[in-house]
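Here the sequence shown stands for residues -19 to -1, 1 to 311, numbered as in mature numbering (1 follows the signal peptide of the UniProt record, and there is no 0).
Accompanying notes for the structure given below.
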Amino acid sequence: MKKIVSFFLTVLISSLTIAQETMTFQAEIANKNGNTLSIKSGRETVQKIEADEKGNFKATFPIKEGLYQLFDGVEYANLFLKNGYNLKMTMDATKFDESISFSGNGSAENNFLANRTLEESKIDFQGMLELDAEGFKKATEELKATQIASLEASKIDANLIDMLKKGTEANIGQLQQYYTMSLTKKKMNNVAAPNFDFENHKGGKTTLESLKGKYVYVDLWATWCGPCRAEIPSLKKMEETFHGKNIEFVSISIDAEKDYEKWKTFVTEKALTGTQLYAAKANQTEFVKAFEVNSIPRFILIDPKGIVVDADAKRPSDPRLQEQLNKLLN
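Take a look at the structure:
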């Protein structure tokens, strides 16, 4: 009997040890975007999870404690993972961030991250960048204080709190860099835009010079850029709203040459409208260099005489863009 008890204790201890050396992640996703989930750290994929015959996802694997991103083929969600977790996620992919919910061991930390993502989506970062120096300083101080207070009031893993505090500091620093860059961008306002001469998806080339006489709304983007793709529906709607007006909507892809065919296919498959151009070796072109493009999407508004109205124009999803164009075109 003692040997039997000893055997079962050994098995139990062994199973507990294995559980602490791995974690389990499962997901039930309505209207899923694909049959593969990828857990990523930066650009590295650390774990792939395939859907089972019922369309659900489940995997057990070892993981280094830390922050990760879950990618469903279209969108990303932040995760905090560590060995010992048994985490379940439910979501409707058509309401991605708004519908994410976690249960099981590790749910408190990951629900906190999901809620934080939602709250951050409500922050008008573009509006902050348009403030004067004193207003921007006050806004960033308030944002930092709010996020730190939220962390200190939470009951989540202490290591995650430390990571997010450091992340908040880094994000505020990056926001300050963007503010400095926005001041630089504004220097291009009210000056002549440099000409471009880029390949047109429909054939031939298109120059900015050839578009004089119309307002030109430029969208600098790439097929790999998630935020760029997210603006496409709003851009299409904007093109429909101002169809027949004195404005040309010009999308300029800055994809690498290796992704040239991907760009051509993407434009066709997604039925992109407006003028679709490709800028080979974009970073070496006078147009991209003049506007100091260091992040995308980037939007630029140029008047019929070729003068820059706004070197850092509002995004199509920003209601203020339509208000601005209504004033200019009506």
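All C-beta atoms, glycine included, are put in the ideal place defined by N, C-alpha and C.
Keep in mind the model is a prediction, meaning the values are calculated, not measured.
One question on the structure: do asparagine 96 and serine 82 come within less than 8 Å of each other, judged by their Cβ atoms?
It is not a contact, given that the beta carbons lie outside the stated cut-off.
Just curious, the beta strand (DSSP E) that methionine 219 is in, first and last residue?
Counting along the chain, methionine 219 falls outside any beta strand (DSSP E), though it belongs to the alpha helix (DSSP H) covering 213 to 222.
Just to confirm my understanding: we take serine -14, look at its own chain, exclude 5 residues before and 5 after, and list those with CB closer than 6 Å. What are they?
In this predicted model, serine -14 has a pLDDT of only 48, less than 50, meaning its place in the structure is not dependable enough to derive any value.
Can you tell which of Gly87, Lys125, Glu90 and Asp113 has its C-alpha closest to the C-alpha of isoleucine 104?
Among Gly87, Lys125, Glu90 and Asp113, the Cα nearest to that of isoleucine 104 is on Lys125.
Given 8 Å, three or more beta-carbon pairs between the segment 225 to 232 and the segment 259 to 279
No, they do not touch.
Quick check: what's the CA-CA separation for lysine 217 versus phenylalanine 223?
Distance between the alpha carbons of lysine 217 and phenylalanine 223: 10 Å.
Nearest-angstrom Cα distance between isoleucine 30 and glycine 116?
Roughly 46 Å separates the two Cα atoms.
Using a Cβ-Cβ distance under 8 Å, would tyrosine 57 count as near chain C?
Among the protein chains of the structure shown there is no chain C, as only one such chain exists.
Taking DSSP as the reference, what is the three-state secondary structure of glycine 36?
Note: glycine 36 maps to coil in three-state DSSP.
Considering tryptophan 244, what are the terminal residues of the alpha helix (DSSP H) in which it resides?
Run containing tryptophan 244: 241 to 250, per the alpha helix (DSSP H) assignment.
Check whether the Cβ atoms of asparagine 176 and threonine 187 sit closer than 8 Å, and answer yes or no.
For the 8 Å CB-CB criterion, asparagine 176 and threonine 187 do not form a contact.
Using a Cβ-Cβ cutoff of less than 7 Å, which residues in the same chain neighbour methionine 144 once the five nearest sequence positions on both sides are dropped?
Listed in chain order, the non-local C-beta contacts of methionine 144 below 7 Å within the same chain comprise Leu48, local neighbours out to five positions each way being set aside.
Please name the residue in Phe179, Phe61, Phe42 and Lys13 whose C-alpha comes closest to that of glutamine 1.
Ranking Phe179, Phe61, Phe42 and Lys13 by Cα distance to glutamine 1 puts Phe42 first.
CA-to-CA distance, valine 289 to lysine 300, given in whole angstroms
A small correction: the amino acid at residue 300 is proline; lysine does not occupy that position in the sequence shown. Those two C-alpha atoms are separated by around 21 Å.
Under a three-way DSSP split, which group does glutamine 1 fall into?
Per DSSP, reduced to three states, the secondary structure at glutamine 1 is helical.
Contained beta strand (DSSP E) runs [length at least 3] in the segment 136 to 213, N- to C-terminal order:
Qualifying beta strand (DSSP E) stretches, in chain order: 178 to 181, 186 to 188 and 196 to 202.
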